[in-house]
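Quick note: the sequence shown uses numbering that gives the first Met the number 0, first residue 0, plus one each step.
Positions of the beta carbon are idealized from the N, C-alpha and C atoms, including for glycine.
All figures in this text were calculated on a predicted structure; none of them were measured in a lab.
Worksheet for the structure shown next.
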Amino acid sequence: MMKIAVFGASGYGGQVLMRLLLDHPQISQVMPVSSTSAGTPIDVRDSGLGPDPEGKLPDKRMLLNREEALSRKPDAVFSALPHGASAEFCAPFMDDSVVFDLSADFRLTDRDVHLKAYGTEAPLPEKRNGAVYGLAELYEDEIKASNLIAVPGCYPTCSLLPLVPLSRQGLIDGPVIINAVSGISGAGRSPKETSLYVERSENTVAYSPGTKHRHQPEMTQEIRKAGSDAALFFTPHLAPMRRGMASTIALPLTGNVKISEDRIYDILTEAYADKPFIGLRGRTIPSTRDVVGSNRCDIGWSVEDGIVYLFSVIDNLVKGASGQAVQDFNIRFGFPQTTGLSLRGEV
Ligand SMILES: NC(=O)c1ccc[n+]([C@@H]2O[C@H](COP(=O)([O-])OP(=O)(O)OC[C@H]3O[C@@H](n4cnc5c(N)ncnc54)[C@H](OP(=O)(O)O)[C@@H]3O)[C@@H](O)[C@H]2O)c1
Numbered sequence: 000m001m002k003i004a005v006f007g008a009s010g011y012g013g014q015v016l017m018r019l020l021l022d023h024p025q026i027s028q029v030m031p032v033s034s035t036s037a038g039t040p041i042d043v044r045d046s047g048l049g050p051d052p053e054g055k056l057p058d059k060r061m062l063l064n065r066e067e068a069l070s071r072k073p074d075a076v077f078s079a080l081p082h083g084a085s086a087e088f089c090a091p092f093m094d095d096s097v098v099f100d101l102s103a104d105f106r107l108t109d110r111d112v113h114l115k116a117y118g119t120e121a122p123l124p125e126k127r128n129g130a131v132y133g134l135a136e137l138y139e140d141e142i143k144a145s146n147l148i149a150v151p152g153c154y155p156t157c158s159l160l161p162l163v164p165l166s167r168q169g170l171i172d173g174p175v176i177i178n179a180v181s182g183i184s185g186a187g188r189s190p191k192e193t194s195l196y197v198e199r200s201e202n203t204v205a206y207s208p209g210t211k212h213r214h215q216p217e218m219t220q221e222i223r224k225a226g227s228d229a230a231l232f233f234t235p236h237l238a239p240m241r242r243g244m245a246s247t248i249a250l251p252l253t254g255n256v257k258i259s260e261d262r263i264y265d266i267l268t269e270a271y272a273d274k275p276f277i278g279l280r281g282r283t284i285p286s287t288r289d290v291v292g293s294n295r296c297d298i299g300w301s302v303e304d305g306i307v308y309l310f311s312v313i314d315n316l317v318k319g320a321s322g323q324a325v326q327d328f329n330i331r332f333g334f335p336q337t338t339g340l341s342l343r344g345e346v
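Structural data, given as structure tokens:
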């Protein structure tokens with residue numbers, strides 16, 4: 000049985016982690032850690048966490064500070080902190096614990112790209128070479144062998160899962176056009192004007208197009224690793240829903256590439272044959288509602304007038320963050336991938 004610490008347990012990603020880890024059958028202790036509220040019960044920051052019948056929450060449900068968690072030598076830590084803060088917070092744990100970092104601190108391998116995207120030097124240069132990109136369906140062997148897993152961003156998870164198998168087959172040589180929609184929880188729990196109800200309800204808006212969004216270089220990195228030089232045009236949008244994410248990807252076919260819907264079916268089926276969280280939907284366009292609350296990514300596709308369309312949906316807080324982190328944990332420690340994770344969307 001394993002001992003786990005969760006950093007940023009009061010944020011949206013941290014709250015989902017706490018629920019998943021408390022229900023995980025291979026975990027005996029879950030230590031919630033806070034940089035601002037240590038010494039107060041977690042219920043003050045997360046009133047919906049509910050009972051703890053197996054006594055996995057130590058210290059009368061108190062939030063701990065980092066040093067208290069460090070002294071208890073957890074087997075693994077999950078960091079749901081903002082980028083920049085996360086790597087430094089995790090650093091003292093890296094000798095004794097496997098680190099699952101939900102932030103962007105270790106995702107980009109090129110330090111110049113990190114500097115350009117985040118405006119700061121890539122943290123912990125001496126540690127980052129050991130980090131693996133934790134896109135669970137695509138990097139299982141690497142995750143098994145690493146003690147530092149950079150859990151991917153939500154837009155990259157949603158968009159790369161349909162794209163990478165096609166790219167690995169050499170089928171992406173034209174532009175990749177991604178329009179994606181996120182629920183508001185993607186912006187985190189910290190109060191800001193743009194997250195106010197009046198700003199976001201009955202309102203949908205594009206933001207940070209192209210390389211202005213930090214997930215563009217992350218997706219470009221992974222498409223390159225999958226063998227494509229294609230230019231990637233990315234436009235994210237915010238929609239008035241709490242959770243959920245949808246990517247609509249258009250791939251105009253060039254003269255060199257021929258691809259049919261049946262071929263896409265064959266490629267995705269082969270890539271994801273033994274992957275429990277991928278739902279292949281063929282010509283059915285999936286909805287966020289199909290997957291919210293689950294760790295699934297559902298994928299649909301069609302070919303119309305010389306353009307391949309790929310449609311994918313996830314729950315940004317589950318497969319897009321905390322659920323994928325737990326899936327990575329299961330892979331790393333040899334548990335079945337589905338342990339403690341839901342395959343079913345909400346009704
Ligand atoms: N939301 C999503 O859909 C999503 C998806 C994929 C990845 N992510 C990534 O996951 C991480 C957490 O996201 P989130 O949405 O859960 O954020 P959030 O709701 O804003 O929560 C972040 C938590 O981090 C702690 N914190 C904030 N500033 C800190 C600092 N300077 N030093 C130490 N702790 C600090 C706070 O908890 P305390 O005050 O208790 O310490 C806060 O509750 C981010 O890196 C984000 O990019 C989020």
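Distance check between Ile284 and each of Lys274, Glu201 and Trp300 places Trp300 closest, using alpha-carbon atoms only. The Cβ atoms of Leu231 and Val175 sit closer than 8 Å to each other.
With contact defined as three or more Cβ pairs closer than 8 Å, the segment 184-204 and the segment 124-139 are not in contact. Linking Leu159 to Met61 through their CA atoms gives a straight-line distance of about 38 Å. Annotated three-state conformation of Asn128 is coil, per DSSP. The criterion of a C-beta distance shorter than 8 Å is satisfied by His214 and Pro155.
With contacts defined by Cβ atoms closer than 8 Å, Ala229 and Asp304 do not form a contacting pair. As for any beta strand (DSSP E) of minimum length 3 sitting wholly inside the segment 211-296, the runs are 231-237, 244-251 and 277-279, ordered along the chain. Within 7 Å of the C-beta of Pro81 there is at least one heavy atom belonging to ligand 1.
Shown here, Met30 sits in a strand according to DSSP, grouped into three states. Judged by beta-carbon spacing, Gly278 lies beyond the 8 Å limit of Glu345, meaning their Cβ atoms are not closer than that value. Relative to the non-hydrogen atoms of ligand 1, the Cβ of Ser207 never comes closer than 7 Å to any of them.
A heavy atom of ligand 1 is found nearer than 7 Å to the CB of Arg188.
Out of Gly226, Arg343 and Phe77, the CA that lies nearest to the CA of Met93 is found in Phe77.
Counting the other CB atoms within 10 Å of its CB gives Leu195 a total below 16, which places it among the exposed residues. Tyr11 has its CB nearer than 7 Å to a heavy atom of ligand 1.
If you ignore the 5 residues before and after Leu69, its C-beta comes within less than 6 Å of the C-beta of Pro91, all in its own chain and listed in chain order. In the displayed model, Asn146 falls within coil according to three-state DSSP, outside both helix and strand. Of the residues Leu342, Thr108, Ile330 and Leu340, the one whose Cα lies closest to the Cα of Asp140 is Ile330. Per DSSP, Val346 lies in no alpha helix (DSSP H) and is assigned neither H nor E. Ser85 sits buried, since 16 or more C-beta atoms from the chains shown fall within 10 Å of its C-beta. In this structure, the alpha-carbon of Ala270 lies about 11 Å from that of Gln168.
Short of 8 Å from the beta carbon of Ala8, and not among the five residues preceding or following it, lie these beta carbons of its own chain, in chain order: Gln14, Leu16, Met17, Pro31, Val32, Ser33, Ile41, Arg44, Asp45, Leu62 and Ala79. For Asn294, the shortest C-beta to heavy atom distance toward ligand 1 is 7 Å or greater. Inter-residue distance for Ile258 and Tyr138 is about 26 Å (C-alpha atoms, whole angstroms).
Spatial neighbours of Ala245 in its own chain (CB-CB distance under 6 Å, excluding positions within 5 residues in sequence) are listed in chain order as Val180, Thr287 and Val312. An exposed status is given to Asn255, since fewer than 16 other beta-carbon atoms sit within 10 Å of its beta-carbon. Counted as a single uninterrupted DSSP element, the alpha helix (DSSP H) harbouring Met17 occupies residues Tyr11 to Leu21. Boundaries of the alpha helix (DSSP H) around Lys115: Arg110 to Tyr117. When DSSP assignments are scanned along the segment 131-190, the uninterrupted stretches of alpha helix (DSSP H) that are 4 or more residues long and fall wholly within it turn out to be 139-143 and 153-167. By the CB criterion at 8 Å, Arg106 and Glu260 fall outside the cutoff. CA-to-CA, the gap between Pro57 and Val204 works out to about 43 Å.
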